[in-house]
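Residue numbers (the UniProt record's numbering): 1 to 353. Glycine residues also receive a C-beta, built at the ideal position from the N, C-alpha and C atoms. Single-structure report; data block below.
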Amino acid sequence: MSHAVVTDKRPSSLRGAQLPKWSPWAIAAGSLAVAIGIGLAAGLHSRIQWGLIAALLFITGTFGIAARVEGTRQAKDRVATSLVWVAFLLAVVPLVSLIWVTVQRGVKVLDGYFLTHSMGLVADSEPGGGIYHAILGSLEQVGLATVIAAPIGVLTAIYLVEYGRGSLARAVTFFVDVMTGIPSIVAGLFILSLMLIFEMQPFGFAGSLALAILMMPVVVRSTEEMLKLVPNELREASLALGVPKWRTILKVVLPTSIGGITTGIMLAVARIAGETAPVLLLVWGNPFINANPFEGAQASLPLYIYQQYANSAGSGAAYDRAWAASLTLIAFVMILNLLARGIARWKAPKTGR
């Protein structure tokens with residue numbers, strides 16, 4: 001006697017109804033169309049206002065449609081995702097707009113002549129001239145600041161992570177946190193007070209000292225975080241073999257975190273490369289080429305941009321030079337960031353075989 005086994009071949013699923021993958025794009029397109037219609041009907045001529053209305057409609061529309069089809073719980077998840085995308089666009093649009101305007105206006109006079117000549121005897125109201133003296137001054141001032149701040153910052157971070165205990169370490173941490181948030185003009189005023197005490201004239205190295213003060217807390221904080229990521233097992237294994245602690249730090253800890261430390265230093269350099277206030281107080285600017293940062297006033301890219309824009313009233317030439325120098329400074333910072341990412345990727349710990 002055989003028994004027949006009856007099986008139900010209908011597919012069973014615990015998943016409820018879901019919106020199609022293209023639904024966010026459709027909701028976004030519909031929100032944008034409705035926002036444009038509302039803006040035109042209300043007489044709103046600003047595209048920013050249209051975008052804000054579209055973002056609000058996109059979030060509310062996503063919640064309403066998802067709640068009706070997928071339920072309230074999934075709708076809340078989609079609203080959270082929508083908020084992330086809206087915040088991302090709100091952050092990206094101004095940055096893209098800034099870069100686009102800078103490129104559009106900066107390429108007018110940005111050429112080989114502009115990069116290899118100084119202002120010299122060219123007046124601010126006259127066409128011509130270049131930014132070679134400003135590039136040279138920025139490279140020297142930022143380079144000297146890096147030579148001062150990077151070793152001090154790295155050694156301070158090593159002390160805080162590897163040796164720091166007690167009230168001294170807490171005090172150092174507190175002052176590093178305070179220095180991270182001080183305005184750049186405060187660092188400039190501090191160095192200026194020393195210059196007035198010793199009756200010194202403006203020179204490039206004074207600007208480097210102020211930039212180093214601004215750079216040090218950034219290097220300390222980034223290096224400290226990188227050193228904390230090194231597993232303690234590596235330190236314990238080295239110490240168990242009888243290796244002194246200083247040699248363990250030098251041969252194990254630092255090589256493991258060198259990629260992150262270098263990235264932090266590069267980002268700190270990018271942070272001080274655009275400072276204007278300390279340079280304005282301490283360096284003053286110079287239309288001629290001065291390759292000696294320890295004597296006489298010097299130029300720098302941020303100060304050059306400020307001076308050209310301040311003197312651009314009625315002069316399109318100075319205005320164009322300011323935009324071209326801004327584009328050069330953005331390119332310099334972008335190259336530093338790309339270099340930092342490349343070093344971080346190159347020095348990252350290898351995984352797998």
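Count the other C-beta atoms from every protein chain shown that fall within 10 angstroms of the C-beta of residue i, then say buried if there are 16 or more, exposed otherwise.
i, result
"serine 97", "exposed"
"proline 11", "In this prediction, proline 11 has a pLDDT of 48, which is less than 50 and means its spatial position is unreliable; nothing more can be read from the coordinates."
"glutamate 275", "buried"
"serine 125", "exposed"
"glycine 43", "exposed"
"glycine 147", "For the sequence presented, residue 147 should be read as valine rather than glycine. Exposed, since its Cβ has fewer than 16 Cβ neighbours within 10 Å."
"phenylalanine 198", "exposed"
"aspartate 320", "buried"
"arginine 165", "exposed"
"asparagine 290", "buried"
"tryptophan 323", "buried"
"histidine 45", "exposed"
"alanine 71", "The sequence shown places glycine at residue 71, rather than the alanine named in the question. The residue is exposed, with fewer than 16 neighbouring Cβ atoms inside 10 Å."
"arginine 78", "buried"
"methionine 334", "exposed"
"alanine 33", "exposed"
"valine 154", "buried"
"leucine 90", "exposed"
"isoleucine 48", "exposed"
"leucine 57", "buried"
"alanine 145", "buried"
"leucine 338", "exposed"
"alanine 35", "buried"
Among residues of its own chain, excluding the 5 on either side of residue i, which ones have a beta-carbon nearer than 8 Å to its beta-carbon?
i, result
"glycine 61", "Ile27, Gly30, Ser31"
"glycine 342", "none"
"leucine 234", "Val252, Val253, Thr256"
"glutamate 162", "Leu227, Lys245, Ile249, Val253"
"lysine 76", "Phe63"
"alanine 55", "Ser31, Val86, Leu89, Leu90"
"lysine 108", "Asp320, Trp323, Ala324"
"tyrosine 309", "Ala318, Tyr319, Ala322"
"aspartate 8", "In this prediction, aspartate 8 has a pLDDT of 47, which is less than 50 and means its spatial position is unreliable; what the coordinates show is noted afterwards. The answer is none, since no qualifying residue turns up."
"valine 122", "Gly128, Gly129, Pro287"
Return the chain-ordered list of same chain residues with a C-beta closer than 6 Å to the C-beta of residue i, the five sequence neighbours on each side being excluded.
i, result
"leucine 156", "It should be noted that the sequence gives threonine, not leucine, for residue 156. Excluding sequence neighbours, threonine 156 sits near Val220."
"lysine 347", "Ile258, Gly259"
"valine 230", "Val253, Thr256, Ser257"
Assuming contact is defined by CB atoms lying nearer than 9 Å, are residue i and residue j in contact in what I supplied?
i, j, result
"residue 355", "leucine 327", "With the chain represented from 1 up to 353, any question about residue 355 goes unanswered, as that position is not in the structure."
"alanine 344", "threonine 256", "no"
"leucine 282", "glycine 188", "yes"
"proline 287", "glycine 120", "yes"
"serine 208", "glutamine 141", "yes"
"leucine 115", "isoleucine 99", "no"
"methionine 179", "isoleucine 213", "yes"
"leucine 329", "alanine 273", "yes"
"alanine 299", "serine 184", "no"
"isoleucine 59", "valine 86", "yes"
"leucine 301", "serine 138", "yes"
"glutamine 201", "alanine 134", "no"
"alanine 268", "alanine 171", "no"
"valine 93", "glycine 128", "no"
"alanine 325", "glycine 181", "no"
"tyrosine 340", "alanine 270", "Sequence check: residue 340 is alanine here, not tyrosine. In this structure, alanine 270 lies closer than 9 Å to alanine 340 by Cβ."
With a threshold of 7 Å on Cβ separation, who are the neighbours of residue i within its own chain once the five nearest residues in sequence on each side are excluded?
i, result
"isoleucine 152", "Met216"
"glutamine 74", "Ala66"
"leucine 303", "Thr276, Val279, Leu280, Val283, Gly285"
"isoleucine 38", "Ile53"
"methionine 226", "Ser257, Gly260, Ile261, Gly264"
"serine 238", "Thr248, Val252"
"glutamate 295", "Phe203"
"valine 69", "Ala17, Leu19"
"leucine 160", "Ala169, Val172, Thr173, Glu224"
"threonine 113", "The sequence given here has tyrosine at residue 113, not threonine. If we look at tyrosine 113 and ignore the five residues flanking it on each side, its Cβ neighbours are Gly130."
"alanine 210", "Ala187, Gly188, Ile191, Pro278, Leu282"
"phenylalanine 332", "Ala273"
"leucine 136", "Ile289, Ala291"
"serine 312", "Ala318, Tyr319, Ala322"
"serine 82", "Phe58, Ile59, Thr62"
Does the beta carbon of residue i sit closer than 9 Å to a beta carbon anywhere in chain B?
i, result
"methionine 216", "Annotation note: the requested chain B is absent from the structure, which comprises a single protein chain."
For the region 212-224 against the region 238-254, are there 3 or more C-beta pairs whose distance is under 8 Å? no
Below 8 Å, can you find three or more Cβ-Cβ pairs linking the region 315-329 to the region 174-184? no
Taking only runs of the alpha helix (DSSP H) that begin and end inside the region 163-209, which ones reach a length of at least 4 residues, in chain order? 166-180, 184-197
Quick check on the DSSP output: what are the complete alpha helix (DSSP H) runs of length 4 or more inside the region 295-353, in order along the chain? 301-310, 316-347
To test your reading of the DSSP string, which unbroken alpha helix (DSSP H) runs of 4 or more residues are found completely within the region 16-50? 23-42
Starting from the N-terminal side, write out each stretch of the alpha helix (DSSP H) that is 4 residues or longer and does not extend beyond the region 220-269. 232-240, 245-248
Identify every run of the alpha helix (DSSP H) within the region 69-157, keeping only runs that are complete inside it and at least 4 residues long; order them along the chain. 72-106, 112-116
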